[in-house]
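Each step along the sequence shown adds one to the number in the numbering used here, with nothing skipped, and position 90 is 104. Virtual Cβ for every residue (Gly too), placed ideally from N, Cα, C. One structure below.
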Amino acid sequence: MNWVPIAWLGAISFGFGVFSLVSGVLSGPARYNRAKAEAYECGIEPTPQPVGGGRFPVKYFLTAMLFILFDIEIIFLYPWAVTFDSLGIFGLVEMVLFIATVFVAYAYVWRRGGLEWD
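The following block contains the structure:
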């Protein structure tokens, strides 16, 4: 019986997805024309794609992955801050080791030029 709330959440999520798709089809535009089919870029006329496909530089993706990596590591500070009093000195030492590990990784990335954008 411990799985019943999870099943309810799954059913509600599935129902919401189906409702969203059906309501989009029913309330969407009935007639398509060329203006509605074009991409809208904040009022700027869209330009044709270059021959190479308009690829993003790899540096962009590396910076994004590093941001996500360090952002997820910082999320671990929130539960520690909530239970700081009950953890005592053991929790403090563990968090100092965790932050030192994050700092070493940050220094390594910085030293290797992973944060340079040129």
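Residue from the options with nearest C-alpha to residue i
i	options	result
I86	L106, V116, K73	V116
A114	V96, T97, I88	I88
Expected contact under 8 Å - CB spacing of residue i and residue j to nearest Å
i	j	result
L80	G127	12 Å between Cβ atoms; not a contact.
F90	F112	7 Å
K73	W131	7 Å
Own chain partners of residue i with C-beta closer than 7 Å, once the 5 adjacent residues on each side are dropped
i	result
L76	G128
Beta-carbon proximity list for residue i, same chain, < 8 Å, skipping 5 on both sides
i	result
Y120	F84
G29	none
P43	K50
Own chain partners of residue i with C-beta closer than 6 Å, once the 5 adjacent residues on each side are dropped
i	result
V118	none
Residue i Cβ short of 7 Å to the ligand SAM heavy atom set
i	result
Y92	No copy of the ligand SAM appears in this structure; indeed no ligand is present at all.
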